[in-house]
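This report concerns only the one structure given below.
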Amino acid sequence: MIRKHQNTFNTAHVFIDLLLAAGSYAVSYPVRFALFATQGRYLPFNDYMRYLWFIIPGYLVIFTAMGLYAPHRTRAFFKELWEIIKANAAGAVYILAMLYIVKEIDISRRFLFIFVVINLLADFLFMIVRRSVLHGLRRNGKNIKHVLLVGYSKTCEAYIERVMANPQWGYNVIGILDNVMEKGTKFKGVSVIGKTETLSSLLNPDKLDEVLITLKMDEYEVLGNIVNECEKSGVHTKFLPDYREFITTSAAVEDIDGLTAVNIRNVPLSQLGNRFVKRTFDIILSFIALVIAAIPMGIVALMIKLSSKGPVIYRQVRVGRHNKEFEMLKFRSMEVQTPDDEKKEWTTYNDPRVTKIGKFIRKTSIDELPQLFNVLKGDMSLVGPRPERPQFVEKFKEEIPRYNIKHQVRPGITGWAQVNGYRGD
């Protein structure tokens, strides 16, 4: 639901920030040398503008690291303003450091001061406009996050009170699941809609954005089952604890007006800056790898074509990020099979279906090289959990704890399991 639009909002936010930085930099030149002109030599406009090549990427990294692109729904106005001030101060230090490294002494320090001030004001005004627009949309029922509470407790009531008092946050509590309170019991207009055992029937990522676990302390024995159900579904889950026993050092903690919310699973690649860096890395390295491997891949393709009947490239449906299916490419290493035979089992050691050339390319992993095209397309990454076929995903998510977590990121050509010798069975 809301996550379908979240990436669009985040991308627009980043794009506007970078435009503001570039525009502030350009405007600072006439302000400095027209309004505050002084006698003496100074560099022309084009010489100043060429330094944007390191300023813009640097600001993207700094703003991301300072948390400016993390979720803002419950962030207080002055806290966000302080983060913008810190980010712009860090940006100023970064520019001065880069100019020192390239030994540029002719850039006016007064110009840089004017740029920092203008960019800070521009970011501040954009923050006001962005918050006003989003708050207005949420008060009118748009950009809403639909939340389910699991467990009726004092924490549950406190959360509902804060949500009701802050409609600009854009949260809609659809109901509470609890094993003690009777169905239909209401608090501030939010009803108990069933018991916790009905949770799995409500975990639809297309209708539910978030689950908040608000159990009482004496109900924590069912916490494990509830978390497992939530993680199997792929619905984002948070835990609002009564005490800190369940808060781990690796968990991402979020403040909701004095309440501590713990993201049960923190995925660093959910942050736009991290995704941008990894995607850039994937595109550049996969392109270089394809150029280097072009001739060997051509030779392998010819050998496959001459040694057995069937296509050179084998396409197989796999499950990728957010449980979306895609066609993964490989050099064909086995005899052509019917779709039904294909689904029966994995390839095993000394499998009779593997061709002679197939044994070699499988042993050397050359058969995986066409997946570089999957990386360029965006279905896969160079490094990540290996994708599996849909029928095995359905099987494993019930048998292997937290199996579906792997689908929160792009699958990879290789991953932790492969480099540690865990392949196939």
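Residue numbers (the numbering used here): 13 to 437. C-beta atoms are modelled at their ideal positions from N, C-alpha and C, and glycine is treated no differently.
Open item on the list: Please report the straight-line C-alpha distance between Leu211 and Asn275, rounded to a whole angstrom.
Closed with: Approximately 18 Å, taken between the alpha carbons.
TODO: Following the continuous beta strand (DSSP E) through Val395, name the residue where it begins and the one where it ends.
DONE: Counting along the chain, the beta strand (DSSP E) containing Val395 begins and ends at 393-395.
TODO: Provide the residue span of the beta strand (DSSP E) that contains Ser245, from first to last.
DONE: DSSP places Ser245 outside any beta strand (DSSP E); the residue lies instead in the alpha helix (DSSP H), whose first and last residues are 235-245.
Task: Helix, strand or coil at Leu23 [DSSP, three-state] - done: The displayed chain sequence assigns Thr, not Leu, to residue 23. The answer is helix: DSSP assigns Thr23 an H, G or I state.
TODO: Assess, as a yes-or-no matter, whether the region 50-70 is touched by the region 156-171 under the definition of 3 or more beta carbon pairs within less than 8 Å.
DONE: Of all C-beta pairs linking the region 156-171 to the region 50-70, fewer than three are shorter than 8 Å, placing the two stretches out of contact.
Open item on the list: I'd like to know whether the C-beta atoms of Ala313 and Val324 end up nearer to each other than 8 Å.
Closed with: Yes. Within cutoff.
TODO: Run the CB neighbour count on Asn100, radius 10 Å, all protein chains shown included, and call it buried at 16 or more, exposed below.
DONE: Result: buried.
Open item on the list: Judging by CA-CA distance, which residue of Leu252, Pro399, Glu347, His84 is the nearest neighbour of Lys166?
Closed with: Nearest C-alpha to Lys166: Leu252.
- [ ] Rounded to whole angstroms, what's the CA-CA distance from Ile119 to Leu31? Just pull it up for me.
- [x] In a straight line, the C-alpha of Ile119 is about 21 Å away from that of Leu31.
Open item on the list: Could you check whether the region 123-139 touches the region 166-186, counting it as contact only if at least three pairs of C-beta atoms, one from each stretch, sit closer than 8 Å?
Closed with: Proximity of the region 123-139 to the region 166-186 falls short of the contact definition, fewer than three beta-carbon pairs being nearer than 8 Å.
TODO: On a CA-only basis, which of Ala273, Val43, Met78, Ala82 is nearest Asn19? Give me that one, please.
DONE: Selected option, being the one with the closest Cα: Ala82.
Open item on the list: Give me the DSSP bridge partner(s) of Phe251.
Closed with: According to DSSP, Phe251 bridges with Ile225, Val274.
Task: Closest by C-alpha distance to Arg277, when choosing among Gln328, Ala104, Leu224, Val39 - done: Of Gln328, Ala104, Leu224, Val39, the residue nearest in Cα terms is Leu224.
Open item on the list: If contact is defined by three or more beta carbon pairs under 8 Å, each pair taking one atom from either stretch, is the region 120-128 in contact with the region 85-97?
Closed with: Too few Cβ pairs lie closer than 8 Å, so no.
Open item on the list: Helix, strand or coil, according to DSSP, for Thr261 in the structure here?
Closed with: Any reading at Thr261 must be qualified, since the residue scores a pLDDT of 49, below 50, and its modelled position is unreliable; the value itself is stated next. Residue state, collapsed to three classes: coil.
TODO: With a floor of 3 residues, list each beta strand (DSSP E) that falls wholly inside the region 117-204, ordered by position along the chain.
DONE: DSSP runs (the beta strand (DSSP E)) wholly in the region 117-204: 157-162, 183-189.
Task: Alpha-carbon spacing of Phe338 relative to Gln403, whole angstroms - done: About 14 Å.
- [ ] Return the CA-CA distance between Leu384 and Gly332, expressed in angstroms with no decimal places.
- [x] In a straight line, the C-alpha of Leu384 is about 15 Å away from that of Gly332.
Task: Outcome for Phe299 when other beta-carbon atoms lying within 10 angstroms are tallied against a minimum of 16 - done: Phe299 should be labelled exposed.
TODO: Using the Cα positions of Gly236 and Tyr415, report the straight-line distance between them to the nearest angstrom.
DONE: If I take the Cα positions, the gap works out to 15 Å.
Task: Run of the beta strand (DSSP E) containing Ile325, from where it starts to where it stops - done: In the DSSP assignment, Ile325 falls within the beta strand (DSSP E) that extends over 325-331.
Task: Cα-Cα separation between Lys336 and Leu137, rounded to whole angstroms - done: Here the alpha carbon of Lys336 sits roughly 39 Å from the alpha carbon of Leu137.
TODO: Taking Val387 and Ile425 to be in contact with their CB atoms under 8 Å, please state how far apart those CB atoms are, rounded to whole angstroms.
DONE: Val387 to Ile425, Cβ: 7 Å. Contact.
TODO: Give a yes or no on contact between the region 143-158 and the region 179-199, applying the rule of three or more CB pairs nearer than 8 Å.
DONE: Judged by pairs of C-beta atoms under 8 Å, the region 143-158 touches the region 179-199, as three or more such pairs exist.
Open item on the list: Please report the distance separating the alpha-carbon of Phe45 from that of Leu80.
Closed with: Between the alpha carbons of Phe45 and Leu80 lies a distance of about 32 Å.
- [ ] Tell me whether Lys438 sits in a helix, a strand or coil according to DSSP, three-state version.
- [x] This structure does not reach residue 438, given that the chain is present from 13 up to 437, and the question cannot be answered.
TODO: Can you tell me which of Asp59, Glu410, Asp190, Ala33 puts its alpha carbon nearest to the alpha carbon of Glu231?
DONE: Selected option, being the one with the closest Cα: Asp190.
Open item on the list: My output table needs one value for Asp230: the three-state DSSP class, helix, strand or coil.
Closed with: Secondary structure at Asp230: helix, using DSSP grouped into helix, strand and coil.
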